[in-house]
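Novice: According to full-length UniProt numbering, the sequence shown is numbered sequentially starting from 336. Just so it is clear, CB atoms sit at the ideal spot from N, CA and C, and this is done for glycine as well. Just so we're clear, the structure is a prediction, and the values are computed from it rather than from any experiment.
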Amino acid sequence: VRSGSDIRDALARGEFVLHYQPVVDLTTGTVDKAEALVRWVQPGGRTVPPDEFIHLAEQTGAMLELGDWVVATACRTAATWPTTVDGRPVAVSVNASGTELQDPSYAGRVLRHVADAGLTPDRLMIELVESNYSLSSRSVRENLMSLTDAGVRLAIDDFGTGYSSLSRLDQLRVDILKIDRSFVRALTGPDQPMPVVTAILAMADALRIEVVAEGIETAEQADWLRSRGCTHGQGYFYSRPVPELGPAELALVGS
Ligand code: G
Ligand code: G
Numbered sequence: 336v337r338s339g340s341d342i343r344d345a346l347a348r349g350e351f352v353l354h355y356q357p358v359v360d361l362t363t364g365t366v367d368k369a370e371a372l373v374r375w376v377q378p379g380g381r382t383v384p385p386d387e388f389i390h391l392a393e394q395t396g397a398m399l400e401l402g403d404w405v406v407a408t409a410c411r412t413a414a415t416w417p418t419t420v421d422g423r424p425v426a427v428s429v430n431a432s433g434t435e436l437q438d439p440s441y442a443g444r445v446l447r448h449v450a451d452a453g454l455t456p457d458r459l460m461i462e463l464v465e466s467n468y469s470l471s472s473r474s475v476r477e478n479l480m481s482l483t484d485a486g487v488r489l490a491i492d493d494f495g496t497g498y499s500s501l502s503r504l505d506q507l508r509v510d511i512l513k514i515d516r517s518f519v520r521a522l523t524g525p526d527q528p529m530p531v532v533t534a535i536l537a538m539a540d541a542l543r544i545e546v547v548a549e550g551i552e553t554a555e556q557a558d559w560l561r562s563r564g565c566t567h568g569q570g571y572f573y574s575r576p577v578p579e580l581g582p583a584e585l586a587l588v589g590s
């Protein structure tokens, strides 16, 4: 992978695919969200993970085209899922890069893809990585405002590992905090104190923000989190990211 045109050519050839990782409601065992994660399936059959090409896409300007394809594709897939589970909208979440958030046409393009797929905006969630964007940028603020005004949901990804995080919770209409998997990895026993995770859960509760714990790999981790009031989880314990996530798979994962 060397240039932006490699990525544009690969897009034109249809070499990118999305995998979806279910997010499970820890109290009911149902799936009410799934995160879209992009992969590049190269002609030889090698599947390249995003860590190896997102950075290049950002640097070469191809990220806007790639991100646009990700949003459009994720919306079309979500349109095949049940509309609601337990009375709540079933959402697909996509990762937004700093380049996309800076682009003045971003929110408009996202909302068009939502409408084209026939989704209501509350069935799309945008995941922001704290270190990837700055709210001092006017286009970032305007994009996020347009999206939340329309009803698109926002999640803060890798929460707890970035900087200057708390003021953003006042400035943005955040629906979900995703606790970084480094915290969950450290959870190895039922009585561990985990003061930072406990504080995040208390804060989210006070702010009425939902929490998704990332990287759950064991039943013990799920039990610890559930018993402390964490409502949602994602991780290999439930499901790896999978290429096909239809209504049947969605219903099965949590049960
Ligand atoms: O699925 P995997 O663990 O390989 O993903 C690695 C990282 O790549 C994730 O942390 C995720 O944030 C990022 N990523 C995956 N898909 C996308 C995407 O469509 N857009 C952006 N900007 N980042 C993505
Ligand atoms: O930061 P973000 O949430 O976008 O990262 C998602 C990445 O985390 C994906 O690449 C996915 O493959 C990876 N992932 C998801 N669940 C688990 C898990 O339970 N354990 C580990 N080690 N990685 C996970």
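1) In the DSSP assignment, the beta strand (DSSP E) including residue 357 goes from what residue to what residue?
2) Using three-state DSSP, classify residue 378 as helix, strand or coil.
3) Touch check for the region 377-387 and the region 415-422: three-plus C-beta pairs under 8 Å?
4) Just grab the DSSP bridge partners of residue 424 for me.
5) Residue 402 and residue 435: beta carbons closer than 7 Å?
6) In terms of residues, what are the limits of the alpha helix (DSSP H) holding residue 540?
7) Could you tell me which uninterrupted beta strand (DSSP E) segments, each at least 3 residues in length, are contained entirely in the region 397-479, listed from first to last along the chain?
8) Secondary structure at residue 484, three-state DSSP: helix, strand or coil?
9) Below 6 Å CB to CB, which residues in the same chain sit around residue 497 once its five sequence neighbours on both sides are set aside?
10) In chain order, what residues of the same chain have a beta carbon less than 8 Å from the beta carbon of residue 525, not counting five sequence neighbours either side?
11) Using the Cβ count rule (16 or more neighbours within 10 Å means buried), how would you classify residue 463?
12) Please report the residue range of the beta strand (DSSP E) in which residue 580 lies.
13) Relative to ligand 1, is the shortest distance from any of its heavy atoms to the C-beta of residue 391 smaller than 6 Å?
14) Can you grab the Cα-Cα spacing for the pair residue 424 / residue 487, in whole Å?
15) Can you look up residue 494 in the DSSP assignment and give me helix, strand or coil?
16) May I have the straight-line CA-CA distance separating residue 575 from residue 503, to the nearest angstrom?
17) I need the straight-line Cα distance from residue 428 to residue 372, nearest angstrom please.
18) According to DSSP, is residue 546 part of a helix, a strand, or is it coil?
19) Per DSSP, residue 570 forms a beta bridge with which residues?
20) Could you tell me which residues DSSP pairs with residue 370 in its beta bridges?
21) Is it right to say residue 446 is buried, meaning 16 or more other beta carbons lie within 10 angstroms of its own, or is it exposed?
22) How is residue 551 classed by DSSP in three states: helix, strand or coil?
23) How is residue 512 classed by DSSP in three states: helix, strand or coil?
Specialist: Quick look at the numbers:
1) Run containing residue 357: 351-360, per the beta strand (DSSP E) assignment.
2) DSSP places residue 378 in coil when its eight states are reduced to three.
3) Contact between the region 377-387 and the region 415-422 is absent, because fewer than three Cβ pairs lie under 8 Å.
4) For residue 424, which the question treats as bridged, DSSP gives the partners 419.
5) Cβ distance < 7 Å, so residue 402 and residue 435 count as in contact.
6) Where residue 540 is concerned, the enclosing alpha helix (DSSP H) stretches over 530-542.
7) As far as the region 397-479 is concerned, its whole beta strand (DSSP E) runs of at least 3 residues are 426-431 and 459-464.
8) DSSP places residue 484 in helix when its eight states are reduced to three.
9) Cβ neighbours of residue 497 within its own chain (closer than 6 Å, five residues either side excluded): 465 and 466.
10) A distance below 8 Å between beta-carbons, with the five flanking residues on each side excluded, links residue 525 to the following residues of its chain, in chain order: 555, 558 and 559.
11) The residue in question, residue 463, is buried, as its Cβ has 16 or more Cβ neighbours within 10 Å.
12) Neither: residue 580 is in no beta strand (DSSP E) and is coded neither H nor E.
13) Incorrect: residue 391 has no Cβ contact closer than 6 Å to ligand 1.
14) Distance from the CA atom of residue 424 to the CA atom of residue 487, rounded to whole angstroms, is 11 Å.
15) Residue state for residue 494 is assigned as strand, using DSSP reduced to three classes.
16) Each residue's Cα considered, the two are about 30 Å apart.
17) Cα to Cα, the separation comes out at about 9 Å.
18) If DSSP states are grouped into helix, strand and coil, residue 546 belongs with the strands.
19) DSSP lists no partner for residue 570.
20) For residue 370, the pairing in a beta bridge is given by DSSP as 356 and 428.
21) Its Cβ being crowded by 16 or more others within 10 Å, residue 446 is buried.
22) For residue 551, the secondary structure class from DSSP, reduced to helix, strand or coil, is coil.
23) In this structure, residue 512 counts as strand in the three-state DSSP scheme.
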